[in-house]
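**Q** Residue numbers (this note's numbering), protein chains in the order written: chain A, -5 to 292; chain B, 6 to 392; chain C, 537 to 725.
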Ligand SMILES: Cc1ncc(C[n+]2csc(CCOP(=O)(O)OP(=O)(O)O)c2C)c(N)n1
Ligand code: SF4
Ligand SMILES: [Mg+2]
């Protein structure tokens, strides 16, 4: 998809974001220069313009630095266990399809310990928006290697350098059936905001990967400077390629970063498939839950 | 409240314990089940899968037991009553989420149809080896409720009770079945919906400003709201304050954990459930639970026929343990005999309560089948020797 | 009626489990007795000789497994070799005449047989062999009443096959009744 067709909102509303955050929980725990806060700003901006009823938006996080996002959002928010945000969110969504359920968690959380849930939710096209903060490291526990730590980088558990291949997450998500797949960095605030907004509007499993600096445990250990240096690196080394073949978007240690919206397609979501199946098979005999019925008549 | 008639198959049925458990869940108002197949519990979810499209329920077969045991908690916060079902190996995988449910006070039911372990063990054969795991399996200190049925009829009745207790106290409740009871087919009478008592969680509907999600009155059980109600709740497995916000202080930890314990402790007298027969004036009391309570009966009858004064106390609710009653009994009888399909678990509780006041004899069994009544009889006789 | 332990054996596909289920259902739902059925699971259930185990009693059933069956209904040779030695002394053995050769039968066993397969074939459906055997067992034991058994057949067989199954049940029942009248010993389990 050519860049021009992917119009970027040039005006970001400047409404205060305070009403979206639990200000009584500030200051937050994130380190200076940490990229997570920037992504939360983008998420808030996306919510502001999404038109969603915020009483009907729920955020579910796993455990990690990113996992703390749920706790700062002034929404119904659930801070669950490590790796299990997606199955919790699955139950929540199926109980009440009217909710917009957003999973906000870390790379380790969602693709190491929670990898199995990630691929199955994508396969089912479960109606969830998954926002993954890829800082290429386990932040919360002190900088251990993640499935996203590039070959050649060091982490506290790969002190001699990492030699394990990484996941190419957009490719993983697409192969498993995600209907919306995008990757941005914390530098690309406008694109990112727009992308989150699209993901929120999407039915089914939408996935946004965000590269964000962890100066404390990733950048410094790998002699990449601080958060600002990392943001500059993103700026100088990212290439926007909307519609790029996800096979080609692998991330290397300090290599080029392909960003953009890679997948935006339609296929029946889990909830649609389930209801259509039973309706077709059993007609009037099928008794959907009240919430399901309401959702479908709306 | 009474059960919703849509889910209630009133009448007399000839079904197994697993299916009776499914029917109990439906009658109790359970409308979300997540599970992963494992013998000998699979029949529970198979029946749920069959029945749910017609009663407004959602069943999902998850990718594993870890997912199942937390999907139900998502559904509960979405407003449903929910349950997951498993056996030994799957139960082991669920432990972290039993702790999560205890910590976040998420009412839900875990069904464990026990089979012989450890590890894969004897997948198709009975045991009662998960009793301590049910109580202590997740890390940290917390309280749960565990119920042990001994027949398909009880699988029905007590599954309803399990939901009622979980809703009342906002704790995870374990239905500790076993392969024998799960697969045994017997008559199960399902009453009409208006005869089935159903308890629902206390719901908060006051003003948003003054809502504190984990504030409680004297019963120590907070009222609940659900996602989407506009209260913008925060629920976390971290130690939290009354608002639900993380609080990493020693005092918050002390306060929260103490309440989670006390919430069950102060209601123990209402929660414990046991059935006694000929306990008054007995020299020996057999303390049993689940399928073992049935195999104990021929042994007790045999002993009575020989002139021994034997009583029977069957634990229906095993956790919380009826400490008070066992302590009382220990002061009156000469011995307590504890047969169980494990190498000795509940006997430790009995010993603790007996505190040396009477002889306590374990009748262990590694599982795979049930006790031979003659082994329990021998233990009854032996328990009186030297007393 | 004291505790009766019943074992029904045959090979997979003969409807062994269903016949046990119907008998138990008849006793517990339509005859107000107690019945406990245990299905064989696991490796035991995989072999070619499969079985249903049932206890029927006027008293609540405590010990859930059968120890020494006093009634056995066997529909295959393999089931006969495997299970018949377990039969309690003086127990009743009911066999399918053409499928089971009862060699080395213990003298204490009271044995009756019926050409159930042939009867089922005459009715046009070999599949109802198990229901013929059920009718036969109903006649030759006091486990359940005829009406109770018929009621249980009705609600347990696939819809639309009730008449065929009733016919099968009646044939087996009549056959059994004749043998019962001729039997030297008049007490039955
Ligand atoms: C079952 C379990 N295992 C391990 C941990 C410890 N742990 C907490 S967060 C974390 C990794 C977090 O990494 P990531 O998901 O990338 O989040 P980040 O902190 O980088 O945002 C680990 C291993 C845990 N909480 N639970
Ligand atoms: S450790 Fe890294 S990811 Fe965690 S808050 Fe600090 S900078 Fe952010
Ligand atoms: Mg990380």
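Even for Gly, the Cβ is constructed at its ideal location relative to N, Cα and C. For clarity, every value in this text was computed on a predicted model and none was experimentally measured.
Cα separation between residue 293 of chain A and residue 126 of chain A?
**A** The requested residue 293 of chain A does not occur in the structure, where chain A is confined to residues -5 to 292.
**Q** Can you check whether the CB of residue 652 of chain C is closer than 8 Å to the CB of residue 562 of chain C?
**A** Result no, Cβ atoms of residue 562 of chain C and residue 652 of chain C do not sit closer than 8 Å.
**Q** For residue 201 of chain A, which residues of its own chain have a beta-carbon under 6 Å away from its beta-carbon, when the five flanking residues on both sides are left out?
**A** Same-chain partners within the cutoff: 124, 167, 172 and 175.
**Q** Let me see if you follow: with CB-CB separation under 8 Å, is residue 537 of chain C close to chain B or not?
**A** False, the Cβ-Cβ gap to chain B never drops below 8 Å.
**Q** Counting along the chain, where does the beta strand (DSSP E) carrying residue 291 of chain A start and finish?
**A** Counting along the chain, residue 291 of chain A falls outside any beta strand (DSSP E), though it belongs to the alpha helix (DSSP H) covering 284 to 291.
**Q** Mind checking if residue 296 of chain B is an interface residue toward chain C, Cβ cutoff 8 Å exclusive?
**A** Output row for residue 296 of chain B: interface = yes.
**Q** Between residue 57 of chain A and residue 134 of chain A, is the Cβ-Cβ spacing less than 8 Å?
**A** Against a cut-off of 8 Å, the Cβ pair of residue 134 of chain A and residue 57 of chain A comes out as a contact.
**Q** Mapping DSSP to helix, strand and coil, what is residue 368 of chain B?
**A** Looking at residue 368 of chain B - three-state DSSP - the assignment turns out to be strand.
**Q** What's the gap between the Cα of residue 731 of chain C and the Cα of residue 158 of chain B?
**A** With chain C represented from 537 up to 725, any question about residue 731 of chain C goes unanswered, as that position is not in the structure.
**Q** Should residue 246 of chain B be counted as a contact of ligand 3 given a C-beta to heavy atom distance under 7 Å?
**A** Not so, every heavy atom of ligand 3 lies at least 7 Å from the Cβ.
**Q** With 8 Å set as the bound, which would you pick, yes or no: does the beta-carbon of residue 107 of chain B sit closer than that to a beta-carbon of chain A?
**A** Not one chain A Cβ lies under 8 Å of residue 107 of chain B.
**Q** Out of C:662, C:708 and C:602, state which residue places its alpha-carbon closest to the alpha-carbon of residue 649 of chain C.
**A** The residue with the shortest Cα to Cα distance from residue 649 of chain C is C:708.
**Q** Along chain B, in chain order, which residues have C-beta atoms closer than 8 Å to that of residue 565 of chain C?
**A** Under the 8 Å cutoff, chain B gives 17, 18, 19 and 192.
**Q** Does residue 267 of chain A come within less than 8 Å of chain B when only Cβ atoms are used?
**A** So no, residue 267 of chain A is outside the interface.
**Q** Select from A:16, A:55 and A:59 the residue whose C-alpha is nearest the C-alpha of residue 210 of chain A.
**A** Out of A:16, A:55 and A:59, A:59 has the C-alpha closest to the C-alpha of residue 210 of chain A.
**Q** Closer than 8 Å by beta-carbon distance: list the chain D residues that pair up with residue 75 of chain A, in chain order.
**A** Absent here is chain D; the protein component of the structure consists of chains A, B and C.
**Q** Quick one: measure Cβ to Cβ for residue 69 of chain A and residue 95 of chain A, integer angstroms, because I've assumed they're closer than 8 Å.
**A** No, residue 69 of chain A and residue 95 of chain A are not in contact; Cβ-Cβ is about 11 Å, not under 8 Å.
**Q** Say yes only if the C-beta of residue 100 of chain B is nearer than 7 Å to one or more non-hydrogen atoms of ligand 2, and no if none qualify.
**A** Outside the cutoff, so no.
**Q** Residues of chain C with CB closer than 7 Å to the CB of residue 302 of chain B, please, in chain order.
**A** What residue 302 of chain B touches in chain C: 598.
**Q** Quick one: residues in its chain with C-beta nearer than 8 Å to the C-beta of residue -2 of chain A, no 5 flanking neighbours on either side, listed in chain order?
**A** Annotation note: pLDDT 35 at residue -2 of chain A (below 50); position unreliable, no value reported.
**Q** Could you compute how far the alpha carbon of residue 24 of chain A sits from the alpha carbon of residue 99 of chain A?
**A** Approximately 14 Å between the Cα atoms of the pair.
**Q** Under the three-state reduction of DSSP, which class applies to residue 153 of chain A: helix, strand or coil?
**A** Of the three classes helix, strand and coil, the one that applies to residue 153 of chain A here is coil, per DSSP.
**Q** Residue 150 of chain B and residue 176 of chain B: beta carbons closer than 8 Å?
**A** In contact: residue 150 of chain B and residue 176 of chain B (Cβ atoms closer than 8 Å).
**Q** Give the residues from the segment 251 to 262 of chain B that approach chain A closer than 7 Å (Cβ to any Cβ), ordered along the chain.
**A** The residues in question are 251.
**Q** Tell me whether residue 261 of chain B sits in a helix, a strand or coil according to DSSP, three-state version.
**A** Looking at residue 261 of chain B - three-state DSSP - the assignment turns out to be helix.
**Q** Can you tell me whether residue 275 of chain A is buried or exposed? The criterion is at least 16 other CB atoms within 10 Å of its CB, across all chains shown.
**A** Burial call: exposed.
**Q** Can you give me the C-alpha to C-alpha distance between residue 343 of chain B and residue 296 of chain B, rounded to a whole angstrom?
**A** Whole-angstrom Cα-Cα distance: 13 Å.
**Q** Nearest chain B C-beta to residue 209 of chain A closer than 8 Å, yes or no?
**A** Not closer than 8 Å to any Cβ of chain B, the Cβ of residue 209 of chain A fails to qualify, so no.
**Q** Does the Cβ of residue 662 of chain C have 16 or more other Cβ atoms within 10 Å, making it buried, or fewer, making it exposed?
**A** It counts as exposed.
**Q** So, is the C-beta of residue 378 of chain B closer than 8 Å to a C-beta in chain C?
**A** Yes, contact with chain C.
**Q** Is there a Cβ from chain B that is less than 8 Å from the Cβ of residue 561 of chain C?
**A** It does; some Cβ of chain B falls within 8 Å.
**Q** Work out the CA separation of residue 47 of chain B and residue 304 of chain B for me, nearest whole Å.
**A** Those two C-alpha atoms are separated by around 32 Å.
**Q** Cβ of residue 210 of chain A versus every heavy atom of ligand 2: is any distance shorter than 7 Å?
**A** It does: the Cβ of residue 210 of chain A is within 7 Å (strictly closer) of some heavy atom of ligand 2.
**Q** So is residue 52 of chain A in contact with chain B if we call contact Cβ pairs under 8 Å?
**A** At least one chain B Cβ lies under 8 Å of residue 52 of chain A.
**Q** When the Cα atoms are used, what is the spatial distance from residue 331 of chain B to residue 359 of chain B?
**A** For residue 331 of chain B and residue 359 of chain B, the distance between alpha carbons rounds to 7 Å.
**Q** Just the C-alpha distance for residue 146 of chain B and residue 262 of chain B, rounded to the nearest angstrom, thanks.
**A** Whole-angstrom Cα-Cα distance: 7 Å.
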